[in-house]
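Q: Residue numbers (this note's numbering): 317 to 879. So that we are looking at the same thing, I have put the structure below in structure tokens.
Now the structure itself:
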């Protein structure tokens, strides 16, 4: 929603308003405060992190101009789970698994990397941000949903909120996540193409710290990241992950949304396929205890990271600007959000007082380029590779060769094994990987078949049903104010939501989306219906169905305890 005003001087005004207190918003606010800028942070959750989900690993890159511990002293000790010191990928074909060590890739340009849980991390950041911004006349307000941009004469001058009167600002930082309503309203981002997005679902699994150390062969100050690809995901392009936390595991999947829809795959079933695979038996052990089920969309930065993420006084940072680097086994997002937030603050400080409303935005875009951030998010080698590599005819030919006796012979020799491990550890080669089934499904499956060893371990894990998972989530339902409207009930327009929504399924009637047989004038047809109560606010249905989608009001809807 936009608000237009003729120039009232009664509105509250801040030099800067930051929308969202995740890593990007926190970095922007902290850096603005360091520059002496009066900064108000508006967070729609009951506290920061209650609406956020990540895999999640946060990196500190050697080449980055800012890292989270640069801005927040004591971050790693107070807000992170475990350092990630080992990184491996498992190529799976049935019960056969071939593992490669990806530590060289993981350590490339890396000062450190920690596993995090967003509720713990973001709430800690919120407290530090409030301390910093209070010193310059601002602060953090929670339970506030920013619902639109305030305009005067067509120019963005502030924000409007459900819970507060309009607020003017010289700078508006949209750090409101992948489902940014401000980015869409400004015309900077859209939800039109499923192939520009990933969907991730995750289970946080309870585990005693001693069990984590013993089962993964690590000490208290060590951790490991495991990635999974191959035939266990029903041909959907993407893969799985397992990260060790201090007292839990983060286990999840990440898939290209267009592939998820094309294969009519149900996200919770793909997650369960990973959880119950024999490769997980030793790590999960007996007594599987799932703390929380969560989901989110992930932008594919190669395709959507905005090169000019600004409009008037508005700048976008983090997922709101598409700044999520998901390139094969390279999965980095929060670190880029931190860099972007801090650079946006610097850009405003440099141009402070400039009458041109887009001065800060232009400087911010230049800083993103000059710092090398955009080169990481949108690698040129991918642009070149996709022109040929993502043609269906090319994919079909490559897949046929890999699956032929020639391909089997080529991949089955020791030289190929060494070449493959080097290729997996090459940042350059990984960043140019085409988004096709070859890299995500065909090649890992053939590697597993030809080079893998059979795993006979029995996995006794019994993940909760979808109904049980929804039942364990915390909701504050905004009765009478649904945040999603289904515009077209036909299966042609909205049927994909029934299986792509992570809290819906074709044989389950208790989620957000379901189909119903309805008689109209003697004719029977199948229609899609919607119940927003179980919604986890991932935004999937905004892309795969015909909906009008917005966030719930401040403090309403799902509340994540882990994230």
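By construction, the Cβ of each residue, glycine as well, lies at the ideal position given by its N, Cα and C atoms. Here the structure is a predicted model, which is why all the values come from computation and not from measurement.
Output yes or no for whether 8 Å exceeds the beta carbon distance between residue 610 and residue 514.
A: no
Q: Between the C-alpha atoms of residue 531 and residue 599, what's the straight-line distance to the nearest angstrom?
A: 6 Å
Q: Report back the beta-carbon spacing between residue 860 and residue 813 to the nearest angstrom; my notes put them in contact at under 8 Å.
A: Contact flag correct, Cβ pair sits at about 5 Å.
Q: DSSP puts residue 769 in a beta bridge; with which residues?
A: 413
Q: Going straight from the alpha carbon of residue 420 to that of residue 741, what length do you get?
A: If you draw a straight line from the Cα of residue 420 to the Cα of residue 741, it comes to about 6 Å.
Q: Smallest Cα separation from residue 864: which of 760, 482, 495 and 669?
A: Per the Cα distances, 495.
Q: Is residue 622 helix, strand or coil when you go by DSSP?
A: In the three-state scheme derived from DSSP, where H, G and I count as helix and E and B as strand, residue 622 is classed as coil.
Q: Tell me the rounded alpha-carbon separation between residue 474 and residue 629.
A: 8 Å
Q: Taking its Cβ as the centre, do 16 or more other Cβ atoms sit within 10 Å of residue 835, making it buried, or is it exposed?
A: exposed
Q: Which complete beta strand (DSSP E) runs does the region 474 to 507 hold, if anything under 3 residues is left out?
A: 483 to 490
Q: Please classify residue 722 as buried or exposed, where buried requires at least 16 other C-beta atoms within 10 Å of its C-beta.
A: With fewer than 16 other Cβ atoms from the protein chains shown falling within 10 Å of its own Cβ, residue 722 counts as exposed.
Q: Can you give me the start and stop residues for the beta strand (DSSP E) that residue 358 sits inside?
A: 355 to 358
Q: Using three-state DSSP, classify residue 452 as helix, strand or coil.
A: coil
Q: Does DSSP put residue 333 in a helix, a strand or coil?
A: strand
Q: Give every residue of the same chain whose Cβ lies closer than 6 Å to the Cβ of residue 869, excluding the five residues on either side of it in the sequence, and list them in chain order.
A: Once the five neighbours on either side are set aside, the close Cβ partners of residue 869 are 461, 478 and 794.
Q: Could you check whether the region 731 to 750 touches the region 568 to 586, counting it as contact only if at least three pairs of C-beta atoms, one from each stretch, sit closer than 8 Å?
A: No, the region 731 to 750 does not touch the region 568 to 586.
Q: Measure the C-alpha to C-alpha separation of residue 346 and residue 412 and round it to an integer number of angstroms.
A: A straight-line Cα-Cα distance of about 49 Å links residue 346 and residue 412.
Q: Tell me which residue opens and which closes the beta strand (DSSP E) that residue 429 is part of.
A: 426 to 431
Q: Which parts of the region 783 to 833 are runs of the alpha helix (DSSP H), unbroken and 4 residues or longer, counting only runs that do not cross its ends?
A: 807 to 810 and 813 to 816
Q: How many angstroms separate the CA atom of residue 371 from the CA atom of residue 559?
A: 8 Å
Q: Measure the beta-carbon distance from residue 680 to residue 658 and round it to whole angstroms, keeping in mind my assumption that it falls under 8 Å.
A: In fact, because the Cβ distance is near 10 Å, the residues do not count as touching under 8 Å.
Q: In this structure, does DSSP put residue 391 in helix, strand or coil?
A: helix
Q: Note down, in chain order, each residue of its chain lying with its Cβ closer than 8 Å to the Cβ of residue 415, except the 5 sequence neighbours on either side.
A: 404, 405, 406 and 407
Q: Assuming contact is defined by CB atoms lying nearer than 8 Å, are residue 756 and residue 545 in contact in what I supplied?
A: yes
Q: DSSP three-state label for residue 546, please.
A: Under the three-state reduction of DSSP, residue 546 is assigned to strand.
Q: Answer yes if the region 336 to 355 comes into contact with the region 452 to 472, meaning at least three C-beta pairs across the two stretches below 8 Å, and no otherwise.
A: Contact between the region 452 to 472 and the region 336 to 355 is established, with three or more Cβ pairs separated by less than 8 Å.
Q: May I ask you to list the residues that DSSP assigns as paired with residue 571?
A: 515 and 554
Q: My understanding is that residue 357 touches residue 334, with C-beta atoms under 8 Å, so please give their C-beta distance in whole angstroms.
A: 5 Å
Q: So residue 528 packs on residue 433, CB below 8 Å; how close in whole Å?
A: The beta-carbon distance between residue 528 and residue 433, rounded to whole angstroms, is 14 Å. This is too long to meet the 8 Å contact definition.
Q: Decide yes or no for the touch test of the region 841 to 848 against the region 756 to 766: beta carbon pairs closer than 8 Å, at least 3 of them.
A: no
Q: Would you identify the three-state DSSP class for residue 464, choosing helix, strand or coil?
A: strand
Q: Touching or not, the region 703 to 719 and the region 671 to 689, by the rule of three or more beta carbon pairs under 8 Å?
A: no
Q: Which residue from 620, 633, 516 and 790 puts its Cα closest to that of residue 575?
A: Minimum Cα-Cα distance from residue 575 among the listed residues 620, 633, 516 and 790 corresponds to 516.
Q: Report back the beta-carbon spacing between residue 359 and residue 457 to the nearest angstrom; my notes put them in contact at under 8 Å.
A: 7 Å between Cβ atoms; contact.
Q: Reducing DSSP to helix, strand and coil, say where residue 668 ends up.
A: For residue 668, the secondary structure class from DSSP, reduced to helix, strand or coil, is coil.
Q: Nearest-angstrom Cα distance between residue 605 and residue 555?
A: 22 Å
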